[in-house]
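Below is one structure, written out as structure tokens, with a few remarks after it.
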Amino acid sequence: MKRNRQWVSLSLLLILLGSLIFAFKVVRLGYPPLPETESVAWSLQARLKLIPEQGPVRMSMLLPARPSGFNVAQENFISRGFGLTLEEEVMSRQADWAIRRLRQPKTLYYRALIIPDTRLRRFAARPDYPPTPELEEPFATALSDIVEEVRAESADTETFSAAMLARLIGAEPDENMDLFLSEVDSRLDRIRLAQTLLAGAHIPTLQLHGLRLNEDLQRAAMETLLAVY
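All the letters of the sequence shown, read from the start, carry residue numbers 1 to 229 under full-length UniProt numbering.
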């Protein structure tokens, strides 16, 4: 009788544990509870190709760090022969691979299953208020003129930022903006210029790096975006 009670207790414990795991996957991870039910998920894959060099080799890659509105349900690393360590902070995660000697080209793989989770709304902390950029002439005067003109046409930080960015991407920039644009050669240069212009009004900004998710996406490069506070 005592053994039967132990088996019953163990069975109930396993049933409870299985139910909790099932509930967690359905409620927290968004897994479909029934065969005919569908759920949205993205499979994110990255490939890193290493070329042999003399001496120890170390490779690092930033990982999804609790992205706002999404949840990393599963991660896999394929890196046979390499040591792997993960560095995690509040809003930053990084994978570090290392090997003593690499004799031939090697490809490392990373795979993550990303699911939507509207309850997750994590954002990086607001950066400090930036000081006025120290620029040489005529850029310093041009920045001052642009800031004063945009400030006169706006009511608060939001409208100021929108007006400044509109001038930056406008089809017909004035002579002051055209002076700055003459130094722009890439999208990243334009983002850095936007940060400089907004810093002229002490508005904090932050560069963000990510992917735009859609159903037909097969290959994608990381995009740099600008967050304005």
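From the three backbone atoms N, C-alpha and C, an ideal C-beta is built for every residue, glycine too.
All values reported here derive from a predicted model rather than from experimental measurement.
Where R58 sits in the DSSP three-state scheme: strand
Let me confirm a value: V40 is counted as buried when at least 16 other C-beta atoms fall within 10 Å, else exposed. Which label applies? exposed
Which of the three DSSP states, helix, strand or coil, is assigned to D96? strand
What are the partner residues of Q74, as DSSP defines its beta bridges? L113
Tell whether a beta-carbon distance below 8 Å holds between L208 and A220. no
P131 to R151, Cα distance in whole Å? 17 Å
Is it a yes or a no for the region 79-91 touching the region 128-143, going by three-plus beta-carbon pairs under 8 Å? no
Quick check on the burial criterion: 16 or more other C-beta atoms within 10 angstroms. Buried or exposed for residue 270? With the chain running from 1 to 229 in the structure shown, residue 270 is simply not present.
Just the Cα atoms here: how many angstroms apart are M164 and D174? 12 Å
Buried or exposed: where does G69 fall if 16 or more other Cβ atoms within 10 Å of its Cβ makes it buried? exposed
Reduced DSSP secondary structure (H/G/I, E/B, other) of S154: coil
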